[in-house]
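Note that the protein sequences, when read in sequence, are chains A and B.
So in the working numbering, the last spot in the first sequence is 402, and the numbers never skip.
So in the working numbering, the last spot in the second sequence is 423, and the numbers never skip.
Quick reminder that beta carbons are idealized off the backbone N, C-alpha and C, glycines included.
Note that the coordinates shown come from a computational prediction; the quantities given were computed from them, not determined experimentally.
One structure is given below, encoded as structure tokens.
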Amino acid sequence: MSTSISDAYVSFQEVQKSYDGENLVVKDLNLGVERGEFMTMLGPSGSGKTTCLMMLAGFETATSGEIMLDGTGINNVPPWKRDIGIVFQNYALFPHMTVRENLAYPLEVRKVPKNEITDRVEKALGMVQLSGFAGRRPGQLSGGQQQRVAVARALVFEPKLVLMDEPLGALDKQLREQMQYEIKHIHENLGVTVVYVTHDQSEALTMSNRVCVFDDGVVQQVAPPDVLYEQPQNAFVAQFIGENNTFLGTVRESQADRCVVELGTGEVLKALTVNVDGVGSQTTLSLRPERVTINPEAGSCDNQVQGDVKELIYLGDHIRARLELCGNDQFIVKVPNAANHSHLREGESVSVGWLSEDCRALDAPN
Amino acid sequence: MAKAAQPIMIDGVPLKERLAQAERRKKYIAFGMVLPLLIFVIVTFAIPIASMLFRSVDNPRMTELAPNLVQALNEWDGAELPSEEVFEVAFIDLTAAKEAGTLGRIATHLNYSLSGGRSLILKTKRKFKKIKSPPYREAMIKADKRWGDINTWGVLKKVSDRYTTRYFLNAVDRDFDNDGNIVEKPEEKQIYVTLFLRTLWISLLVTLLTLLIGYPIAYLISTQPPRIGNLLIIMVLLPFWTSLLVRTTSWIVLLQTQGVLNDIMVWLGIISEQGRLQMIFNLQGTLIAMTQILLPFMVLPMYSVMKTIPLYELRASQSLGANPFITFWRIFWPRSIPGIGAGGLLVFVLSVGYYITPALVGGSKGQMISNQIAFHMKSSLNWGLAAAMGSILLIAVLILYWLYDKVVGIDKMKLG
Numbered sequence: 037m038s039t040s041i042s043d044a045y046v047s048f049q050e051v052q053k054s055y056d057g058e059n060l061v062v063k064d065l066n067l068g069v070e071r072g073e074f075m076t077m078l079g080p081s082g083s084g085k086t087t088c089l090m091m092l093a094g095f096e097t098a099t100s101g102e103i104m105l106d107g108t109g110i111n112n113v114p115p116w117k118r119d120i121g122i123v124f125q126n127y128a129l130f131p132h133m134t135v136r137e138n139l140a141y142p143l144e145v146r147k148v149p150k151n152e153i154t155d156r157v158e159k160a161l162g163m164v165q166l167s168g169f170a171g172r173r174p175g176q177l178s179g180g181q182q183q184r185v186a187v188a189r190a191l192v193f194e195p196k197l198v199l200m201d202e203p204l205g206a207l208d209k210q211l212r213e214q215m216q217y218e219i220k221h222i223h224e225n226l227g228v229t230v231v232y233v234t235h236d237q238s239e240a241l242t243m244s245n246r247v248c249v250f251d252d253g254v255v256q257q258v259a260p261p262d263v264l265y266e267q268p269q270n271a272f273v274a275q276f277i278g279e280n281n282t283f284l285g286t287v288r289e290s291q292a293d294r295c296v297v298e299l300g301t302g303e304v305l306k307a308l309t310v311n312v313d314g315v316g317s318q319t320t321l322s323l324r325p326e327r328v329t330i331n332p333e334a335g336s337c338d339n340q341v342q343g344d345v346k347e348l349i350y351l352g353d354h355i356r357a358r359l360e361l362c363g364n365d366q367f368i369v370k371v372p373n374a375a376n377h378s379h380l381r382e383g384e385s386v387s388v389g390w391l392s393e394d395c396r397a398l399d400a401p402n
Numbered sequence: 008m009a010k011a012a013q014p015i016m017i018d019g020v021p022l023k024e025r026l027a028q029a030e031r032r033k034k035y036i037a038f039g040m041v042l043p044l045l046i047f048v049i050v051t052f053a054i055p056i057a058s059m060l061f062r063s064v065d066n067p068r069m070t071e072l073a074p075n076l077v078q079a080l081n082e083w084d085g086a087e088l089p090s091e092e093v094f095e096v097a098f099i100d101l102t103a104a105k106e107a108g109t110l111g112r113i114a115t116h117l118n119y120s121l122s123g124g125r126s127l128i129l130k131t132k133r134k135f136k137k138i139k140s141p142p143y144r145e146a147m148i149k150a151d152k153r154w155g156d157i158n159t160w161g162v163l164k165k166v167s168d169r170y171t172t173r174y175f176l177n178a179v180d181r182d183f184d185n186d187g188n189i190v191e192k193p194e195e196k197q198i199y200v201t202l203f204l205r206t207l208w209i210s211l212l213v214t215l216l217t218l219l220i221g222y223p224i225a226y227l228i229s230t231q232p233p234r235i236g237n238l239l240i241i242m243v244l245l246p247f248w249t250s251l252l253v254r255t256t257s258w259i260v261l262l263q264t265q266g267v268l269n270d271i272m273v274w275l276g277i278i279s280e281q282g283r284l285q286m287i288f289n290l291q292g293t294l295i296a297m298t299q300i301l302l303p304f305m306v307l308p309m310y311s312v313m314k315t316i317p318l319y320e321l322r323a324s325q326s327l328g329a330n331p332f333i334t335f336w337r338i339f340w341p342r343s344i345p346g347i348g349a350g351g352l353l354v355f356v357l358s359v360g361y362y363i364t365p366a367l368v369g370g371s372k373g374q375m376i377s378n379q380i381a382f383h384m385k386s387s388l389n390w391g392l393a394a395a396m397g398s399i400l401l402i403a404v405l406i407l408y409w410l411y412d413k414v415v416g417i418d419k420m421k422l423g
């Protein structure tokens, strides 16, 4: 990975965007995407991720800042000269053309010779397993097939970059998961650079090399999926990616990478210092439900408290338990349905524990 | 594959029958709801059209007024002058008609096909009292020598037919000659074919003009945000809120030789006082006024189709490397064709039958076939001819629908 954003294959440098001249939809975006990388922009709706994609595609102009692709600034390059393939959420296939004509379209406007067009269209259709459908119109295809055609069309002219704007949003769950793997494999086989936008965190974790989490027009964290999940840098990322138990408290002591936090209810917990201002400041403690142990052996956990079991939900491979402890009645524990697991009962009081390194002290809410 | 057995319900009734029973009530209700409209359409639309089509071939007058003569003429072979019996029947029927006061109508009817036919009958009428006894043949020929002309009787036989193609022939400037062949009318009497062609030509021009002017407007409106788009649609519809007559007459005020436009051009020195332009009471006037009046009918269907062309398709085209011109030509234009078809058909069909505007601003060169139809309905009272011309128009429009269905497909038509 290059050290500087400006050396990256695709880069946003100090990009800002406003639609109405009053509010910034994108606030000071700095982001680099490497050649061949699958980068996902993840965030809730209205976080500015789609705006970034549209600026990259050329349908929106950056209010300030520079967008570079392959070493050249593209701020003043019109969309049709950018050589960027786009897969739209609603596929955007041309209904008056057959699948073959749809795929041939980008090649025809590039004046590729006829016989070469035929070959490349066949190849692209083979890639998405739709070889027998060339003569059909988009209206005669299922949603998943239309999606494949859209992907093939965005790739057939070998663009410098492929953008995907929530391309699987309209598909049902099963098909969506299948398409996630297909797109991932196509990306791996072709080595094409992909910028993918979604609000679905599991989609982002499944497909990406790196994920860029957006909120309120600001990049919260850019990291590979495992780092993002295990080492969130702030409270937003921690609660947006995966499930998360939180406590609010005040930092009382700080030593090396550990700190001691006093909660509002008086309990004192040890935590990993990640993103706090120092002793006396407010912090959000973040703890993944699967890192909590029920009835830990004495001395195995440096945090140990009593909690009341409020609710149990049986989910097959694990049991989801809702506990009340330290003044938080939404504390979730995932108890694996393993042999000899502790059988909880609603209403009983149990001892729970966790390691201080799994409990991350992050920024406090404003 | 073997044919599946008919499914039978538990109580032994075939499924199909049971389904029909279950759906029957729904069908009755649906039928009941459209019934008032159906009756209205039959009474005010289907019956008048059927009656018009019938009237264009119907020829009942002679059968009503001189039934015996019609029968006698039917038996006459037309090879030579009719026999004494036919003359006798003619005399008796004409006398009876005179008594009944209907002779004038026979005279008028004959006059449509035989010039001087009216005077022939009326002249004969005055001399009827001199004819006391047979032979009627000599007496009638003496009364007017045209009775001795086989041609007169030929025409009389022709106009006595119960059904006739004469109106249709007339409507296309044709007629029967004495031998029953279809021939063109003398040049100075030919008007309708030219008028039909001019009507088609004007309609075509108006359609093209409204398309040229309307397409960019429809495109603009369809690309605006809803608030501005609705405002623009209201502006397109605004002319509908003004009476057609007012709009047409305001064109007269604007375009006449002493009108506003000419005044301005003279004042600006573009034309001289003597060189004032004749912009109205001719073909040009009809074209200008009709284009303006029919424009909304072109814009609305095109707009409603263009509105359904999504922005992301155009963006997709651009992202695939097509510049805005190619994007328009390969994506937007083909997607907008159903709207053009619908608008074009609507404007053309409305133009073909347009009446008030050409009547007011058309002068003599800007008249259309509907003005002639109106003339024959109101002034000459030749309803048969008017009906024949109306039928020809109707058939032309139906052919157009058929062509549209073949080329674009009628199911693709969107009118709003």
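Three or more Cβ pairs drawn from the region 336 to 355 of chain A and the region 363 to 377 of chain A lie within less than 8 angstroms of each other, which places the two stretches in contact. Residues of the region 56 to 72 of chain A whose Cβ lies closer than 8 angstroms to any Cβ of chain B: none.
Rounded to the nearest angstrom, the Cβ distance from T364(B) to T255(B) is 5 angstroms, consistent with a contact under 8 angstroms. Within the same chain, and ignoring the five residues on either side of L352(B) in sequence, the residues whose Cβ sits closer than 8 angstroms to its Cβ are L407, Y408, Y411 and M420. Within its own chain, the residues whose Cβ lies closer than 6 angstroms to the Cβ of V267(B), once the five positions on either side in sequence are excluded, are L261, listed in chain order. Taking 3 residues as the shortest admissible run, the region 157 to 186 of chain B contains the following complete beta strand (DSSP E) segments, listed from N- to C-terminal end: 181 to 183. When secondary structure is reduced to three states using DSSP, R146(A) falls in the coil class, being assigned neither helix nor strand. Inter-residue distance for M91(A) and I110(A) is about 10 angstroms (C-alpha atoms, whole angstroms). Residues of chain B with a Cβ closer than 7 angstroms to the Cβ of F124(A) are, in chain order, Y319 and A323. Non-local C-beta neighbours of T206(B) in its own chain, meaning closer than 7 angstroms and more than five positions away in sequence, comprise V359, M375 and I376, ordered along the chain.
Of all residues in the region 69 to 95 of chain A, those with a C-beta nearer than 7 angstroms to a C-beta of chain B are A93 and F95, reading in chain order.
Selection D313(A), I277(A) and T87(A) evaluated against P325(A) yields I277(A) as nearest (Cα-Cα). With 16 or more other CB atoms across the displayed protein chains lying within 10 angstroms of its CB, W258(B) is buried. For K134(B), no beta strand (DSSP E) encloses it; the enclosing alpha helix (DSSP H) starts and ends at G124 to K134. Residues A44, Y45, V46, M75, T229 and V231 of the same chain have their beta carbon placed closer than 7 angstroms to that of V69(A), with the five preceding and five following residues left out of the count. Boundaries of the beta strand (DSSP E) harbouring Q340(A): N339 to Y350, taken from the DSSP string. Taken through DSSP and simplified to helix, strand or coil, D412(B) comes out as helix.
F272(A) sits buried, since 16 or more C-beta atoms from the chains shown fall within 10 Å of its C-beta. For the 7 angstroms CB-CB criterion, N270(A) and N311(A) form a contact. With distances taken between CA atoms, E194(A) lies nearest to G227(A) out of C362(A), E102(A) and G227(A). By the C-beta density criterion, A57(B) is exposed, having fewer than 16 other C-beta atoms within 10 angstroms. For V356(B), the three-state secondary structure derived from DSSP is helix. Secondary structure at A206(A): coil, using DSSP grouped into helix, strand and coil.
Between Y319(B) and A128(A), the beta carbon gap of about 5 angstroms places them in contact (Cβ cut-off 8 angstroms). Under the three-state reduction of DSSP, M133(A) is assigned to coil, being neither helix nor strand. For I333(B), a Cβ of chain A is located within less than 7 angstroms of the residue's own Cβ. The C-alpha of P303(B) lies about 17 angstroms from the C-alpha of L252(B). When secondary structure is reduced to three states using DSSP, I277(B) falls in the coil class, being assigned neither helix nor strand.
Shown here, G155(B) sits in a helix according to DSSP, grouped into three states. Boundaries of the alpha helix (DSSP H) harbouring T334(B): P331 to T334, taken from the DSSP string.
In summary, H383(B) is buried, with 16 or more beta-carbon neighbours lying within 10 Å of its beta-carbon over all protein chains present. For K192(B), there is no enclosing alpha helix (DSSP H), since its DSSP letter is neither H nor E. Within the same chain, Cβ atoms closer than 6 angstroms to the Cβ of M59(B) are found at A394 and G397, the five residues on either side in sequence being excluded.
Sequence-distant partners of N364(A) (beyond 5 residues in either direction) whose C-beta falls short of 8 angstroms from its own C-beta, in its chain, are N281, T282 and F283.
Listed along the chain, the chain B residues whose CB falls inside 8 angstroms of the CB of G121(A) are S326 and L327. Within chain A, W116 have C-beta atoms less than 7 angstroms from the C-beta of N330(B), given in sequence order.
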